[in-house]
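A.B. asks:
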Amino acid sequence: MIKFADLNQQYEEYKSEIDNAIQGVINSAQFINGDEVKALEADLAEFSGVKHVIACSSGTDALLVPQMAMDIKPRDEIIVPAFTYYASASMVSHWGATPVFVDVDPVTFNIDPEKIEEKITKKTKAIFGVSLYGQTADFDAINRLADKNGLWVLEDGAQSFGAQYKGKRSCNLTKVATTSFFPAKPLGCYGDGGAMFTNDDDLAIKLRQLVNHGQVKRYTHKYVGINGRLDTIQAAILRIKLKYFDNEIEMRQSAADYYTSAFQDSKNIITPEIIPDRSSSWAQYTVRIPNRDEARQKLQVLGIPTSVHYPMPVNRQEAFSFLGDNTHYDNAELLSKEVISLPMHGFISRDDQNQVIEAVKKVVNG
Ligand SMILES: *Cc1c(COP(=O)(O)O)cnc(C)c1O
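Quick note: the sequence shown uses my numbering, first residue 499, plus one each step.
1) Taking all protein chains shown into account, decide if Pro597 is buried (16 or more other Cβ within 10 angstroms of its Cβ) or exposed.
2) So, helix, strand or coil for Asp636, using DSSP?
3) How about the region 626-644 and the region 606-615: do they share at least three Cβ pairs that are nearer than 8 Å?
4) Would you call the CB atoms of Asp603 and Ala580 closer than 8 Å?
5) Please report the distance separating the alpha-carbon of Ile855 from that of Ser678.
6) Let me know the secondary structure DSSP gives Asp729 once reduced to three states.
7) Report yes if the C-beta distance between Ile731 and Tyr512 is below 8 Å; otherwise report no.
8) Let's test the definition: count the other Cβ atoms within 10 Å of the Cβ of Ile577 and tell me whether it reaches 16, buried, or not, exposed.
9) So what does DSSP say about Gln782, is it helix, strand or coil?
10) Taking its Cβ as the centre, do 16 or more other Cβ atoms sit within 10 Å of Ile524, making it buried, or is it exposed?
11) Kindly indicate which three-state DSSP category Tyr631 falls into: helix, strand or coil?
12) Since Pro564 contacts Ala595 with CB under 8 Å, what's their CB separation in whole angstroms?
13) Might you give, ordered along the chain, the residues of its own chain that have their beta carbon closer than 7 Å to the beta carbon of Tyr584, omitting 5 neighbours on each side?
14) When the distance is taken between beta carbons, is Asp699 closer than 8 Å to Thr445?
15) Can you check DSSP and say which residues form a bridge with Trp650?
16) Start and end of the beta strand (DSSP E) containing Ala543?
17) Check the DSSP bridge columns for Thr718 and list the partner residues they point to.
18) Please classify Ile530 as buried or exposed, where buried requires at least 16 neighbouring CB atoms within 10 angstroms.
19) What residues are listed by DSSP as bridge partners for Cys554?
20) Rank Thr622, Lys683, Lys501, Arg790 by C-alpha distance to the C-alpha of Val651 and give the top, closest one.
21) What residues are listed by DSSP as bridge partners for Thr676?
22) How is Ser668 classed by DSSP in three states: helix, strand or coil?
23) Locate the alpha helix (DSSP H) running through Ile855, then write down its first and last residues.
24) Might you give, ordered along the chain, the residues of its own chain that have their beta carbon closer than 8 Å to the beta carbon of Phe845, omitting 5 neighbours on each side?
25) What is the DSSP secondary structure of Asn789, reduced to helix, strand or coil?
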């Protein structure tokens, strides 16, 4: 049976090391803020090239805490892409600020820097760029706009950890960046988890205090914070997986190349394009096809699991109806109707890929 993302197979590969790591945490009885969390933060800093890494409870909480640290006030505006996972925008609303949507680029699926400036107002404070499917947004262009307008930039790198942009890693491109260790993300743990990244010493201290009840020392609280810590068991699992992460990204790249060359002769299947100055961590292998919903049903009958990231532009989610932004952002609308993600993970076999390729071609081209 073909799996969309195979976490069992990955576990089998590293089983004895992961089991030992989990047992080690239980033996230490340091379940919160244990040594493994500190060690993971150091490992992630080295991997990403970022000075400070603050592990936290999820990729969603990671989007909340920088807004707290940067003193975002109610009704301040934060620019977000119209086509992304819901949390990139919902956490802006959750903190009381207003998400202001900008359409995406139809090639990279990421926020279009050329469409940002027209949305900047006196209330704008920040730009949240999302690196969708594993390819980073164009952060040089976004940072330039931000500098010009006195804004700060956050990279939501939940899907792109491990990717590169002009020789630097994702999460090392902006004032502050976030990622998620949700199990199905490129680097996933066995529960919820996330991290924040910054090269700013003062911001790092504040982020660390805010995810631990705003505590500066025991029972002394400088800020109103949250309990947003990462579990020590998750940190221990992530440290094992991180050792093999670059290798897994290479395997994902190889699987992506195989799909792309197989679909080259099918004009109705638009394959993902990675800009030459970037590399993807291939969180998803997402193609565009006509009649997506019908094709997806036929693929299911043929035993091919697929997924749609995402079936609706975020601005039109019911939760955001209070914003009153019913704009049809052309590219976000088009992508939400045409995108379909195919089975993708580091350990996918060529046999499985061949079955997927044959089924997709049959369904799309008849
Ligand atoms: C998964 C994801 C999140 C949320 O991460 P969680 O760890 O599930 O809270 C945020 N933004 C994007 C783009 C994501 O893909």
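Cβ coordinates follow ideal geometry from the N, Cα and C atoms, glycine included.
Keep in mind that this is a model prediction, so the values were computed, not measured.
C.D. replies: Taking the structure as given:
1) The sequence position of residue 597 within the sequence shown is 99, counting from 1. The residue in question, Pro597, is buried, as its Cβ has 16 or more Cβ neighbours within 10 Å.
2) Against the sequence shown, residue 636 aligns to sequence position 138. Asp636: coil per DSSP, three-state reduction.
3) yes
4) Indexing the sequence shown from 1 puts residue 603 at position 105. Indexing the sequence shown from 1 puts residue 580 at position 82. Taking 8 Å as the Cβ cut-off, Asp603 and Ala580 do not qualify as a contacting pair.
5) As a first step, residue 855 must be located in the sequence shown, where it is residue number 357. As a first step, residue 678 must be located in the sequence shown, where it is residue number 180. Each residue's Cα considered, the two are about 29 Å apart.
6) To locate residue 729, count along the sequence shown from 1; it is residue 231. Of the three classes helix, strand and coil, the one that applies to Asp729 here is strand, per DSSP.
7) As a first step, residue 731 must be located in the sequence shown, where it is residue number 233. As a first step, residue 512 must be located in the sequence shown, where it is residue number 14. Going by C-beta atoms, Ile731 is not nearer than 8 Å to Tyr512.
8) Counted from its first residue, the sequence shown places residue 577 at position 79. The residue is buried, with at least 16 neighbouring Cβ atoms inside 10 Å.
9) Taking the sequence shown and counting its residues from 1, one reaches residue 782 at position 284. Coil.
10) As a working mapping, residue 524 is identified with position 26 in the sequence shown. Result: exposed.
11) Here residue 631 is taken as the residue at index 133 of the sequence shown, counted from 1. Three-state DSSP puts Tyr631 in a helix.
12) Sequence index remark: in the sequence shown, residue 564 carries index 66 (1-based). Sequence index remark: in the sequence shown, residue 595 carries index 97 (1-based). Incorrect: roughly 12 Å between the Cβ atoms, too far for contact.
13) Stepping through the sequence shown from its first residue, residue 584 is reached at position 86. Only Val812, Gln815 meet the Cβ criterion.
14) The structure shown has nothing for residue 445, since the chain only spans 499 to 864.
15) Translated into positions along the sequence shown, residue 650 becomes position 152. Note: Trp650 sits in a beta bridge opposite Ala624.
16) Taking the sequence shown and counting its residues from 1, the one referred to as residue 543 is at position 45. Here Ala543 belongs to no beta strand (DSSP E); instead the alpha helix (DSSP H) covers 533-546.
17) Here residue 718 refers to the residue found at position 220 of the sequence shown. Answer is Lys715.
18) On the sequence shown, residue 530 is found 32 positions in, with the first residue counted as 1. Flag for Ile530 reads exposed.
19) Position 56 of the sequence shown, counting from 1, holds the residue named residue 554. Gly692, per the DSSP bridge assignment.
20) Indexing the sequence shown from 1 puts residue 651 at position 153. Ranking Thr622, Lys683, Lys501, Arg790 by Cα distance to Val651 puts Thr622 first.
21) Translated into positions along the sequence shown, residue 676 becomes position 178. Looking at the DSSP assignment, Thr676 forms a beta bridge with Asp654, Met694.
22) For the purposes of this step, residue 668 is identified with residue 170 of the sequence shown, where counting begins at 1. The DSSP-derived three-state label of Ser668 is coil.
23) The sequence position of residue 855 within the sequence shown is 357, counting from 1. For Ile855, the enclosing alpha helix (DSSP H) starts and ends at 848-863.
24) Here residue 845 refers to the residue found at position 347 of the sequence shown. Excluding sequence neighbours, Phe845 sits near Asp504, Gln507, Gln508, Glu511, Met749.
25) One-based indexing of the sequence shown puts residue 789 at position 291. Here Asn789 sits in coil by DSSP.
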